[in-house]
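Residue numbers (my numbering): 3 to 167.
Below you'll find the structure, written out as structure tokens, and then a few comments.
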């Protein structure tokens with residue numbers, strides 16, 4: 003039996019705001035959570051429309067922030083980020099728009115992830131053939147495109163500038 007905002011318990015708007023207080027959520031995530039809580043389709047739609055109008059729900063801003071945090075903070079590539087956003091219910095054009103803002107930095111992000119990977123594992127640069135295979139697998143698993151991985155590995159294959167001690 004669907005709940006209504008009238009009577010006991012929080013309204014759909016209050017329930018959505020409570021969910022948003024924990025972390026930013028996409029419109030679809032909120033729709034699913036409110037449906038699971040027993041709110042009807044009409045009440046959910048009205049609540050979410052109101053929250054969009056007031057700026058509490060903004061899938062574009064969510065996608066931009068998610069892209070930045072995952073790429074810079076966790077070293078994820080665009081493919082993994084796109085999959086995670088799609089799983090959260092963000093529409094494909096919104097995902098592409100958010101990723102478009104950082105695509106130019108993908109090769110640098112892949113190189114940074116590779117450098118961190120090599121430091122953590124104490125892998126010397128330039129990479130041996132076996133280490134290059136492992137690094138490629140790591141970067142592809144992180145969601146970097148083949149081109150960005152190739153660029154990062156080519157950069158790691160070149161010896162760095164000599165130390166000037």
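We treat Cβ as the ideally placed atom computed from N, Cα and C, and that holds for glycine.
About 5 Å separates the beta carbons of residue 41 and residue 14, which is inside the 8 Å limit, making them a contact pair. For the pair residue 139 and residue 149, the Cα-to-Cα distance works out to about 13 Å. Look at residue 146 here: in three-state DSSP terms it is coil, with no helix or strand label. Counting C-beta pairs with one atom in each stretch, the region 72-88 and the region 37-52 have fewer than three that are closer than 8 Å, which means they do not touch. Boundaries of the alpha helix (DSSP H) harbouring residue 100: 94-102, taken from the DSSP string. Residue 66: member of the alpha helix (DSSP H) spanning 61-70, first to last residue. Put simply, of 123, 79, 122 and 115 the residue whose alpha carbon is nearest the alpha carbon of residue 102 is 79.
Take residue 142, set aside five residues on each side of it, and the residues of its chain with a beta-carbon closer than 7 Å to its own are 151, in chain order.
When 124, 122, 155 and 144 are compared, the shortest CA-CA separation from residue 134 is found for 155. Take the alpha-carbon of residue 18 and the one of residue 125: they are about 47 Å apart. Spatial neighbours of residue 96 in its own chain (CB-CB distance under 7 Å, excluding positions within 5 residues in sequence) are listed in chain order as 61, 62 and 65. The beta carbon of residue 73 sits closer than 7 Å to the beta carbons of 83, 104 and 111 from its chain, once the five residues preceding and following it are set aside; these are given in chain order.
In summary, residue 29 is buried, with 16 or more beta-carbon neighbours lying within 10 Å of its beta-carbon over all protein chains present. Membership of residue 12 in any alpha helix (DSSP H) is not indicated, and neither H nor E is assigned to it by DSSP. Spanning the alpha carbons of residue 48 and residue 116 requires a straight line of approximately 47 Å. The beta carbon of residue 12 is closer than 8 Å to those of 20 in its chain, skipping five residues each way along the sequence.
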